[in-house]
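Those sequence lines, one after another, are chains V and P.
If you're matching positions, the first sequence starts at 24 in the numbering used here and goes up one per residue.
If you're matching positions, the second sequence starts at -9 in the numbering used here and goes up one per residue.
Everything on this sheet refers to the single structure shown next.
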Amino acid sequence: MLSSGKRRLFSALLHVQKRPCQPSRAMRLVQFQTPHLEEPHLGLESGIGGGVVDLNTFDPTLPKTMLQFLEQGETTLSVARRALATQLPVLPRSQVTFLAPVTRPDKVVCVGMNYADHCKEQNVRVPKEPIIFSKFSSSIVGPYDEIILPPESEEVDWEVELAVIIGKKGKHIKATDAMAHVAGFTVAHDVSARDWQMRRNGKQWLLGKTFDTFCPLGPALVTRDSITDPHNLKICCRVNGEVVQSSSTNQMLFKTEELIAWVSQFVTFYPGDIILTGTPPGVGVFRKPPVFLKKGDEVQCEIEEIGVIVNKVV
Amino acid sequence: MLSSGKRRLFSALLHVQKRPCQPSRAMRLVQFQTPHLEEPHLGLESGIGGGVVDLNTFDPTLPKTMLQFLEQGETTLSVARRALATQLPVLPRSQVTFLAPVTRPDKVVCVGMNYADHCKEQNVRVPKEPIIFSKFSSSIVGPYDEIILPPESEEVDWEVELAVIIGKKGKHIKATDAMAHVAGFTVAHDVSARDWQMRRNGKQWLLGKTFDTFCPLGPALVTRDSITDPHNLKICCRVNGEVVQSSSTNQMLFKTEELIAWVSQ
């Protein structure tokens, strides 16, 4: 019979053996600015709502953009891992301006009609294949930046989405290999001008989707290993504190792996590429009567384990 | 009465006064590679079909990508102008691999149904507003690169197009100011997979238009000042030597200035 001490040790060893070695903290990569910095730096967010550790101070050989960081794969990732395991000075959140976790990606791929209930609320059949469209990189803004209502539209609507960020180049990627190409996840707001999307521009969605400021992203790129299961996260959107969308990413019709496999048939994915994976029901345009964003509104898009982005409409 | 010599001088002076000072040669900017270079360089093409002058050799402080070159505006443009006016070694065309004149732009904006006869051939009404769609930058290839037929499509089609390259940042640009935002022009081939464009993907055109290699560009970025009139150029496409498209850019429904004003809203 083992003594209670040995039993506890034995149990602890079993416990460690059962689970693969996991970092005690999630890796939450950010791009940020402070008044003292000449240019944006890369950082680690210390947990949801936490302060920021300056990665470029920790290791001055690191690049200063997320795009270059991702392009260097394991080389840069291992530096970030070391930083995560080290006690480092943390800049208070109030002193930091968060940029979008990725800026100037080669492409922002968007998926339409990817939640069963979102199809239902607009009375359309569930698509057999993903519907793919895009936003220009110039529409990207940070997690706390303003959404600018364009004078050209009367019908600007909200859409919270899980965004996937590619970490490894690939073409014709098999769904079973797809996750290895994912750097991580972030929250996206697929702001949409419904008049332009649905009735103008020959019904090609681009213009309605790609106005400047129509793609807030953030607050951090939470790495793939830091998320328990990207397809089982609560996802919600609040306008002026009122919940307008509330669902789970388990409702996605085509999941991350299938989307990567699908799109990579057509195009090569590069590190930094972003995929907005669709929105759950509750958007404004299909309400009776339709509801749209107006000046002064505040939209919060939140995804479990990733965080919240807050954008004021001006 | 002026002597014949003085008359010729006088006439030459008048001639110079009548026309604004124009470079004797067009400025044709390229991105290129050679086996000896570690990375792509910027260059000047010596006329249509000519060899290439290495701009980075001429001035090692110049950036090596067209994107950075354009971002620096007049600073870099004036260096190129000096190079154009200088006798410089020219690399034979056979030794040079031309890349697309611009790679990794923020956006590739495309305009549909912009020639009256093109609308007619598909039996659609001429649009009141430009139809705007896009290709991913990842679809861009060089002027002599291969177009790869994707296994996923049976209906890949050709489309020759005049491409405008932006040189100056802007939003809400007025049509009357638009040309000042243009760096220059190049030839584009808007390769299109019609099955995907017209029948698949919920009729959103992106996938059919953005397969890898579906955007050959080149051979050079010919600067705005070097083109007499971008809206009066012959434009044509040949497949295996046979002419399949032949028109003029004067047939464009919405011209460069209107397109820039429209999209910059």
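Note that the Cβ used here is the ideal one computed from N, Cα and C, for glycine as well.
Only counting the same chain, and skipping five residues up and downstream in sequence, which positions put a Cβ closer than 7 Å to that of residue i?
| i | result |
| --- | --- |
| V229 of chain P | W148 |
| H204 of chain V | I189, G190, K191, G193, I196, I283, F292 |
| C248 of chain P | In the sequence under discussion, the amino acid at residue 248 of chain P is Glu, which differs from the Cys named in the question. Taken in chain order, the residues that qualify are A165. |
| D202 of chain P | S128, S129, I138 |
| I154 of chain V | V134, G135, M136 |
| P115 of chain V | G74 |
| A168 of chain P | T246, E247, I250, A251 |
| E68 of chain V | R51, V53, V75, P242, A243 |
Less than 8 Å between CB atoms is the rule here; does residue i satisfy it with respect to chain P?
| i | result |
| --- | --- |
| I189 of chain V | no |
| T300 of chain V | no |
| P253 of chain V | no |
| Y138 of chain V | no |
| P99 of chain V | First, the amino acid is wrong: residue 99 of chain V is Thr here, not Pro. No - not a single Cβ of chain P is within 8 Å of the one on T99 of chain V. |
| W228 of chain V | yes |
| S160 of chain V | yes |
| V290 of chain V | yes |
| N146 of chain V | no |
| D168 of chain V | no |
| D213 of chain V | no |
Beta-carbon separation of residue i and residue j under 8 Å?
| i | j | result |
| --- | --- | --- |
| L172 of chain V | V125 of chain V | no |
| V164 of chain V | A123 of chain V | yes |
| F156 of chain V | W228 of chain V | yes |
| L207 of chain P | A153 of chain P | yes |
| F277 of chain V | Q145 of chain V | no |
| K158 of chain V | K232 of chain V | yes |
| T251 of chain V | L52 of chain V | no |
| R214 of chain P | A173 of chain P | yes |
| I225 of chain P | T239 of chain P | yes |
| N137 of chain V | G301 of chain V | yes |
| P209 of chain P | E35 of chain P | yes |
| P239 of chain V | I298 of chain V | no |
| V113 of chain V | G74 of chain V | yes |
| I156 of chain P | F175 of chain P | no |
| V337 of chain V | L316 of chain V | no |
Among the residues of its own chain, which have a CB less than 8 Å from the CB of residue i, if the five just before and after it don't count?
| i | result |
| --- | --- |
| S124 of chain P | K97, V98, V99, C100, L196, K199, T200 |
| E280 of chain V | A198, T199, A201, M202 |
| N255 of chain V | S271, T272, N273 |
| L85 of chain V | L65, L78, N79, F92, T99, V102 |
| H70 of chain V | Here residue 70 of chain V turns out to be Gly, not His, going by the sequence shown. Cβ neighbours of G70 of chain V beyond the five flanking positions: R48, A49, R51. |
Would you verify that the beta carbon of residue i is, or is not, closer than 8 Å to some beta carbon of chain V?
| i | result |
| --- | --- |
| D185 of chain P | no |
| G102 of chain P | yes |
| Q23 of chain P | no |
| I155 of chain P | no |
| T213 of chain P | no |
| N191 of chain P | yes |
| K224 of chain P | no |
| K245 of chain P | no |
| T200 of chain P | yes |
| I121 of chain P | yes |
| R18 of chain P | no |
| Q62 of chain P | no |
| D96 of chain P | yes |
| L207 of chain P | no |
| P117 of chain P | yes |
| S129 of chain P | yes |
| Q58 of chain P | no |
| Q112 of chain P | no |
Within the same chain, show all residues whose beta-carbon is closer than 6 Å to that of residue i, passing over the 5 residues directly before and after it, in chain order.
| i | result |
| --- | --- |
| V322 of chain V | W181, V262, N334 |
| C260 of chain V | W181, V183, V267, Q268, C324 |
| V131 of chain P | T203, P206 |
| L230 of chain V | W219, N224 |
According to DSSP, residue i sits in a beta bridge with which residue or residues?
| i | result |
| --- | --- |
| Q235 of chain P | P:C227 |
| D180 of chain V | V:S215 |
| F292 of chain V | V:G193 |
| K335 of chain V | V:E321 |
| D77 of chain V | V:G66 |
| L122 of chain V | For L122 of chain V, which the question treats as bridged, DSSP gives no partner whatsoever. |
| H179 of chain P | P:V150 |
| I170 of chain V | V:V336 |
| T87 of chain P | P:Q23 |
| M136 of chain V | The partner list for M136 of chain V (beta bridge, DSSP) is empty, contrary to what the question assumes. |
| T213 of chain P | P:G174 |
Assess, as a yes-or-no matter, whether the stretch 207 to 214 of chain V is touched by the stretch 314 to 329 of chain V under the definition of 3 or more beta carbon pairs within less than 8 Å.
yes
Counting pairs of Cβ atoms below 8 Å between the stretch 74 to 81 of chain P and the stretch 37 to 45 of chain P, do you hit three or more?
yes
contact_flag[the stretch 88 to 96 of chain P, the stretch 49 to 60 of chain P] where n(CB pairs < 8 Å) is 3 or more:
yes
The stretch 183 to 193 of chain P touching the stretch 141 to 158 of chain P, judged by at least three CB pairs closer than 8 Å
yes
Between the stretch 126 to 136 of chain V and the stretch 286 to 297 of chain V, are three or more C-beta pairs nearer than 8 Å?
yes
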